[in-house]
Amino acid sequence: MRKALLGILLLVVGLAAFSVEVLFFYDEGCPHCKEVWNFLSDLQNQGLSFELKAYEIHAPENWQLLFRLLSVYRAEVGPVPMLFVGDVAVVYETFYGLG
Numbered sequence: 000m001r002k003a004l005l006g007i008l009l010l011v012v013g014l015a016a017f018s019v020e021v022l023f024f025y026d027e028g029c030p031h032c033k034e035v036w037n038f039l040s041d042l043q044n045q046g047l048s049f050e051l052k053a054y055e056i057h058a059p060e061n062w063q064l065l066f067r068l069l070s071v072y073r074a075e076v077g078p079v080p081m082l083f084v085g086d087v088a089v090v091y092e093t094f095y096g097l098g
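In structure tokens, the structure reads:
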């Protein structure tokens, strides 16, 4: 999970000059999701500017959005947390890119 956090940090920092939207899919009881949420919140509290949109995966409308995004990014379904930042999808510790 630490490699994934480092990768997420590099993505967000690299895109900080632009308007960045982070889509974060999580499960309420997932400890890894909590770790990533805290990490992203800390980045915002330290002044990195990005919009964080969180989606609990058990809500049907969120599940539908997740599957559309996975299809666009050609990413496989995997465990949470899942994030979509710019051209990159992160499914747990696996990175996928557009194109």
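Numbering-wise, the sequence shown is residues 0 to 98 according to numbering that gives the first Met the number 0.
The C-beta atom is built at its ideal place from N, Cα and C for all residues, glycine as well.
Predicted, not measured: the structure shown is a model, and the values here were computed from it.
Euclidean distance between Cα positions of residue i and residue j
i: Glu-27; j: Glu-55; result: 7 Å
i: Asn-61; j: Leu-22; result: 11 Å
i: Ala-58; j: Gln-45; result: 31 Å
DSSP-derived helix/strand/coil call for residue i
i: Leu-68; result: helix
i: Leu-97; result: coil
i: Leu-51; result: strand
i: Val-35; result: helix
i: Glu-20; result: strand
Contact set for residue i: own chain, Cβ-Cβ below 6 Å, skip 5 residues either direction
i: Val-35; result: Pro-80
i: Tyr-25; result: Cys-32, Val-79, Pro-80
i: Leu-39; result: Leu-51
Range of the contiguous beta strand (DSSP E) that encloses residue i
i: Val-89; result: 87-90
i: Val-84; result: 81-84
Close Cβ partners of residue i (< 7 Å) along its chain, the five nearest in sequence each way excluded
i: Ala-74; result: Ala-88, Val-90, Tyr-95
i: Leu-69; result: Val-76
Same chain only: Cβ atoms within 8 Å of residue i, ignoring 5 sequence neighbours per side
i: Leu-82; result: Ile-7, Val-21, Leu-22, Phe-23, Phe-24, Val-35, Ala-88, Val-89
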